[in-house]
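What follows is one structure encoded as structure tokens, with my remarks underneath.
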Amino acid sequence: MNKLQFVFKFCTESQKSIYKLENAQKYIADLVQKTDWISFAISKHVPKQVRQDYLNICQFHNELSRIEETSKERSLGVGKLQYWSDQIDQIFLDNPQRDPLSICLHNTCKNNPLPKYLFQKMINYRKQQVEKQEFANLVDMATSAEANRGSQFLLFLRLMRMDIENQELKQLTELTSQAVGITDYLRRVPFTLQNYKLNLPEDIKLKHSINVRSLWDRIRGEPKEELYDAVLEVAAFARTQMIKTSQFQNKIPTQSFRAFLHLIPTEQYLEELEYYNFKIFEKAINQNSYVQLPITLFKNCRKMRFLNKEYELK
Numbered sequence: 076m077n078k079l080q081f082v083f084k085f086c087t088e089s090q091k092s093i094y095k096l097e098n099a100q101k102y103i104a105d106l107v108q109k110t111d112w113i114s115f116a117i118s119k120h121v122p123k124q125v126r127q128d129y130l131n132i133c134q135f136h137n138e139l140s141r142i143e144e145t146s147k148e149r150s151l152g153v154g155k156l157q158y159w160s161d162q163i164d165q166i167f168l169d170n171p172q173r174d175p176l177s178i179c180l181h182n183t184c185k186n187n188p189l190p191k192y193l194f195q196k197m198i199n200y201r202k203q204q205v206e207k208q209e210f211a212n213l214v215d216m217a218t219s220a221e222a223n224r225g226s227q228f229l230l231f232l233r234l235m236r237m238d239i240e241n242q243e244l245k246q247l248t249e250l251t252s253q254a255v256g257i258t259d260y261l262r263r264v265p266f267t268l269q270n271y272k273l274n275l276p277e278d279i280k281l282k283h284s285i286n287v288r289s290l291w292d293r294i295r296g297e298p299k300e301e302l303y304d305a306v307l308e309v310a311a312f313a314r315t316q317m318i319k320t321s322q323f324q325n326k327i328p329t330q331s332f333r334a335f336l337h338l339i340p341t342e343q344y345l346e347e348l349e350y351y352n353f354k355i356f357e358k359a360i361n362q363n364s365y366v367q368l369p370i371t372l373f374k375n376c377r378k379m380r381f382l383n384k385e386y387e388l389k
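In this text, residue positions in the sequence shown follow our numbering: the first is 76, and each later residue adds one.
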């Protein structure tokens, strides 16, 4: 066997190996660790039997988010989302595409009672968002956040064999998805602004006279104060929804709290944002979470809590 044949054989075997379930699962776990460290940290507190399934669902959500953010042309974004819509159909027909995520999702759906409509709901709302690209107001933003994150949290509940028709769980999912989803949009502001996109409600941008093209103060080398005022308004709404979730702390089934652990990094981020006067480009906001989040998660999981602090509802 000459050198060229050896290299070709090695490459072929390497390509085949990624399509084996075990290798595909490791690939997805590594991908979540690199691109979504928060979900990876939370996964350590999910029951071991469904931990990989949890990571698979997280990566599916991340993939849809990436398509929405990186597609410069609407038709291209819609086409990519349609690809995943077709893939979900094939996964539930036991015919997954030769793709690591599809292979992992097929295994997840085969071994867990996950409804197909929740996956399709995530895709359909992403399609709507790609097509219209802007939020009219906070209610519109909350609806989008609820559709995307809400479906994900309901899938988490099904992984833990919880009844998603339970009224307390449904109400908690709605509030949690709005708080976490809106905070997701805030987290991505520094990155989306690089492409002159600002995922904040149009009415708030108009209220604070925000023009994305002239938002940067070139003399001071930072965004104008109007951006921070708009961020404050959106963050305040997310925090209000987060505080409302505290009323369900002792009302939901015991182990279901693990499906809502994304509230802990959300709570942490909103506190840091407030501490730095809503200066969303402050690097310390995200840096602190790498140290604090694992400890905070550990402490709260021991207490079976999905929020770090106690809140009084007004």
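For every residue, glycine included, the Cβ atom is placed at its ideal position computed from N, Cα and C.
Being a predicted model, the structure only gives us computed values, none of them experimental.
| Check | Outcome |
| --- | --- |
| Stretch pair the segment 207 to 214 + the segment 122 to 132: three plus CB contacts closer than 8 Å | no |
| Cβ-Cβ separation, A217 to Q253 (assumed contact under 8 Å), whole Å | 5 Å |
| Beta-carbon proximity of V107 to R149, cut-off 7 Å | no |
| Nearest candidate by alpha-carbon position, reference L229, set Y192, T258 and P265 | Y192 |
| Environment of F323 [buried if 16+ CB atoms lie within 10 Å] | buried |
| Which listed residue (Q316, I93 and L232) has its alpha carbon closest to that of P328 | L232 |
| Where E300 sits in the DSSP three-state scheme | helix |
| C-alpha distance - N352 paired with L368, whole-angstrom precision | 21 Å |
| The segment 92 to 109 in contact with the segment 175 to 190 per 3-pair CB rule at 8 Å | yes |
| Buried/exposed call for L388, threshold 16 Cβ in 10 Å | exposed |
| Inter-stretch contact (C-beta, 8 Å, three-pair minimum) for the segment 341 to 355 and the segment 273 to 289 | no |
| Sub-7 Å separation of V255 and T341 beta-carbons | yes |
| Start-end ranges of the alpha helix (DSSP H) lying completely within the segment 355 to 388, minimum 4 residues | 359 to 378 |
| Nearest-angstrom beta carbon gap, T371 and N361 [assumed within contact, 8 Å] | Wrong, their Cβ atoms sit about 15 Å apart, outside the cutoff. |
| Exposure of P171, with buried meaning 16 or more beta-carbon neighbours within 10 Å | buried |
| Rounded C-alpha distance that separates H337 from T315 | 16 Å |
| L116 versus A104 - alpha carbon distance | Just to set this straight, residue 116 is Ala in the shown sequence, not Leu. Distance between the alpha carbons of A116 and A104 is about 11 Å. |
| Alpha-carbon spacing of E385 relative to D169, whole angstroms | 46 Å |
| Residue burial classification, E240 (beta-carbon count within 10 angstroms, cutoff 16) | exposed |
| Straight-line gap, Y344 to A359 (C-alpha atoms, nearest Å) | 11 Å |
| Residues sharing a beta bridge with W291, DSSP | P298 |
| Helix, strand or coil at N199 [DSSP, three-state] | helix |
| Spatial distance of E277 from H283 (CA atoms) | 10 Å |
| Opening and closing residue of the alpha helix (DSSP H) in which H181 lies | P175 to N186 |
| L250 versus R224 - alpha carbon distance | 10 Å |
| Backbone secondary structure at V306 - three-state DSSP | helix |
| Alpha-carbon to alpha-carbon, E346 and L307 | 12 Å |
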